[in-house]
Amino acid sequence: MTDGAQLPPQQSAMKRGVVKQALSGDALVLLGPSGANGLPQEMTVYLANISAPRLAKRPTDNSPGQPDEPFAWEAREFLRKKVVGQQVNFVRDFIATSGREHGRIYIGGTSMETAENVAELGVAEGWLEVRPGKQVDEQTQKLLDVQEKAKSSKKGKWGVDEADYQKHVRDIKWNVEDPRALVDKYAQKPVKAIIEQVRDGSTVRAFLLPDFEYVTIMLSGIKAPSAQSIGETSAQPFGEEAKFFVEQRILHRDVEVILEGTSNQNFMGSVLHPRGNIAEFLLKDGYAKCVDWSIGIA
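In structure tokens, the structure reads:
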């Protein structure tokens, strides 16, 4: 991702952390050392000299939103599936004038020499595009060589005719006009989903697949303390810990959800990850309590 003029880093920087989420095909959030509150500090990093298409923006009262750029979802999904939840090394190449850190992400291997360069993998698959700066160094030249090979092999977007680009733009249903009808549509059967946001320990937002319905789900039968939100000075006791507990396990992960009912325009439901119902784990670890009004739904 390019981001204006480049400022040389004051010192060579390498950071190690677990990937929390993939914001796009070229931006990641890493979890670093613990902060004063005992929770890991977050840092957003960008792949140097790489450009990914922009993902759709949700419409708001003040903005109509915007659709995906073609292949934005494929690029994000490549990165998400490759690195979310994984331990990686980030090698900073430069800091942009905006303050954003740009560099390389390495995953796997027993050393830096045997680890995989994530940007190279994305370029090789044809989902990420190289955006060289004014000077092409050895690393950038290698990316350009990988890109030429991807183009000649018609990998990813390079194998799609421009006339078909619109087929690679999601039709997102940001607002479900009749929540009850959607509950009836899925008939309390598990639906594949990706958790896009954890609002607090018992409330998540997700895309239902393959139709891309964007839903807010309150976990049936439980209530976790509120986490800090925009405009608020603090969270309820253990609210941030409960949120982090859930983020660690299901944020940007493939899950199944069961829509079990509605409350106003939100959904009541269960989120199932490979080890079971996330609500049960919250209760077992003391991050949530049962609530009478929705326990009969679960």
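For the record, in the sequence shown the residue sitting at position 217 is 218 according to our numbering, with numbers rising by one throughout.
Just so it is clear, CB atoms sit at the ideal spot from N, CA and C, and this is done for glycine as well.
message: What does DSSP give as the partner residue(s) for ASP62 in the beta ladder?
response: As a position in the sequence shown, residue 62 is number 61, starting the count at 1. By DSSP's assignment, ASP62 forms no beta bridge with any residue.
query: Going by alpha carbons, who is nearest to ALA207 out of GLU149, ALA116, ILE259?
result: As a first step, residue 207 is located in the sequence shown; it is residue number 206 there, counting from the start. Nearest C-alpha to ALA207: ILE259.
Residues of its chain near VAL137, where Cβ-Cβ distance is below 8 Å and the 5 sequence neighbours each way are ignored: The sequence position of residue 137 within the sequence shown is 136, counting from 1. Answer for VAL137: LEU145, listed in chain order.
Best match in HIS253, GLN266, LEU31 for proximity to VAL272 [C-alpha to C-alpha]: The residue given as residue 272 occupies position 271 in the sequence shown. Checked all of HIS253, GLN266, LEU31; the closest Cα to VAL272 is HIS253.
query: When burial is assigned at 16 or more other CB atoms within 10 Å of the CB, is ASN118 buried or exposed?
result: One-based indexing of the sequence shown puts residue 118 at position 117. The residue in question, ASN118, is buried, as its Cβ has 16 or more Cβ neighbours within 10 Å.
field: Counterpart residues of PHE224 in DSSP-defined beta bridges
entry: Along the sequence shown, one-based indexing puts residue 224 at 223. With the sequence shown as reference, residue 224 is identified as Lys, and Phe is not the correct amino acid for it. Under DSSP, the beta-bridge partners assigned to LYS224 are LYS290.
Given LEU197 as reference, the closest of THR141, ARG77, PRO133 once Cα atoms are compared: Residue 197 sits at position 196 when you count from the first residue of the sequence shown. The sequence shown places Glu at residue 197, rather than the Leu named in the question. It is ARG77 whose Cα lies nearest to the Cα of GLU197.
field: Strand pairing of HIS274, partner residues [DSSP]
entry: For the purposes of this step, residue 274 is identified with residue 273 of the sequence shown, where counting begins at 1. Its beta-bridge partners are GLY277.
query: Using CA coordinates, which residue listed in ALA53, GLN87, SER112, SER203 is at the minimum distance from GLN22?
result: As a first step, residue 22 is located in the sequence shown; it is residue number 21 there, counting from the start. For GLN22, the nearest C-alpha among the options comes from GLN87.
field: Bounding residues of the beta strand (DSSP E) (the contiguous stretch that carries ILE251)
entry: Counted from its first residue, the sequence shown places residue 251 at position 250. Counted as a single uninterrupted DSSP element, the stretch harbouring ILE251 is not any beta strand (DSSP E) but the alpha helix (DSSP H) occupying residues 240-251.
message: Give me the DSSP bridge partner(s) of ARG93.
response: By 1-based counting over the sequence shown, the position of residue 93 is 92. ARG93 is bridged to ALA14, GLY104.
- prompt: Taking the C-alpha atoms as reference points, what is the distance between PRO9 and ASP94?
  reply: Taking the sequence shown and counting its residues from 1, the one referred to as residue 9 is at position 8. Taking the sequence shown and counting its residues from 1, the one referred to as residue 94 is at position 93. Residue placement at PRO9 cannot be trusted, given a pLDDT of 48 that sits under 50; what the coordinates show is reported in the next sentence. Rounded to whole angstroms, PRO9 to ASP94 spans 8 Å at the Cα level.
task: Count the CB pairs spanning the region 220-239 and the region 277-294 that are closer than 8 Å, and state whether there are at least three.
output: Touching, yes.
message: Please classify SER153 as buried or exposed, where buried requires at least 16 neighbouring CB atoms within 10 angstroms.
response: As a working mapping, residue 153 is identified with position 152 in the sequence shown. Its Cβ having fewer than 16 others within 10 Å, SER153 is exposed.
Contact under 7 Å by Cβ, PHE282 with ILE218: In the sequence shown, residue 282 corresponds to position 281, counting from 1. In the sequence shown, residue 218 corresponds to position 217, counting from 1. With contacts defined as CB atoms closer than 7 Å, PHE282 and ILE218 fail to qualify as a contacting pair.
task: Going by DSSP, name the residue or residues bridged to LYS193.
output: Taking the sequence shown and counting its residues from 1, the one referred to as residue 193 is at position 192. In the DSSP output, where bridge partners are listed per residue, LYS193 has GLU257.
task: Starting from the Cα of VAL84, find the closest Cα among ALA125, ASP27, THR61 and give me that residue.
output: On the sequence shown, position 83 is the one that residue 84 refers to. Each of ALA125, ASP27, THR61 was checked against the Cα of VAL84, and the nearest Cα belongs to ASP27.
- request: Determine the DSSP secondary structure at GLY39, reduced to helix, strand or coil.
  value: Residue 39 sits at position 38 when you count from the first residue of the sequence shown. In the structure shown, GLY39 falls within a coil segment according to DSSP collapsed to helix, strand and coil.
field: Given 8 Å, three or more beta-carbon pairs between the region 128-137 and the region 33-52
entry: Yes: the two stretches touch, three or more of their Cβ pairs being nearer than 8 Å.
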